[in-house]
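The block underneath contains the structure these notes are about, expressed in structure tokens.
Numbering (my numbering), first residue to last: 787 to 970.
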């Protein structure tokens, strides 16, 4: 979108136009989903829905251009992921079913699902060597296409700090990939 068309869509969304909400969602949802997957969200689709519910209920409070909107959306996504991680730490999950009870969960095609996620798992595995902040910077930069300035706003960091984290992250990833390429 151009700045002018973004401004028109934003104003329409503030006025309650469903098509404008849809345009904003369509412009961002894939990148937010990818961010959620890489950050290990338990249910990336649900997280995307939560993020955009928050965006649309608070859209009247947003002031800025399209780039700032992207930073705002990713800041909401990051905060939701932090909340989810905190909930997981507090929650005691049961890992076994009671004896004598069958699971009623519908199982999909496990083989198809596993193959579909092989690439995702490899990327997540590669990113696991990074700190959480470095991982956020890389994902927001590479997957979501945000600028360093937008990332700085989304993470509440200085631009110089984001650049430094990005450099360290890429060096770490390069060293890790070099070690994997060398036969042991």
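We put the CB at the ideal spot given by N, CA and C, even for glycine.
Notebook entry, point to check: Along the chain, where does the alpha helix (DSSP H) that runs through residue 802 open and close?
Noted result: Per DSSP, residue 802 belongs to no alpha helix (DSSP H) and is neither H nor E.
Next item on the list: Tell me whether the beta-carbon of residue 925 lies closer than 7 angstroms to the beta-carbon of residue 818.
Entry: no
Checklist line | Residues near residue 809 by beta carbon distance below 7 angstroms, same chain, minus five either side | finding: 795
Next item on the list: Check each candidate in 846, 837, 936 and name the one with the smallest Cα separation from residue 866.
Entry: 837
Check: So the alpha helix (DSSP H) residue 837 belongs to, where does it begin and stop?
Finding: 830-843
Next item on the list: For residue 870, count neighbouring Cβ atoms within 10 angstroms of its own Cβ and tell me buried if that reaches 16, exposed if not.
Entry: buried
Item checked: residue 822 beta carbon less than 7 angstroms from that of residue 839 -> no
Next item on the list: Could you have a look at residue 956 and say whether DSSP puts it in helix, strand or coil?
Entry: In the structure shown, residue 956 sits in a helix (DSSP, three-state: H, G or I).
Check: With burial defined as no fewer than 16 other Cβ atoms inside 10 Å of the residue's Cβ, what is the status of residue 914: buried or exposed?
Finding: exposed
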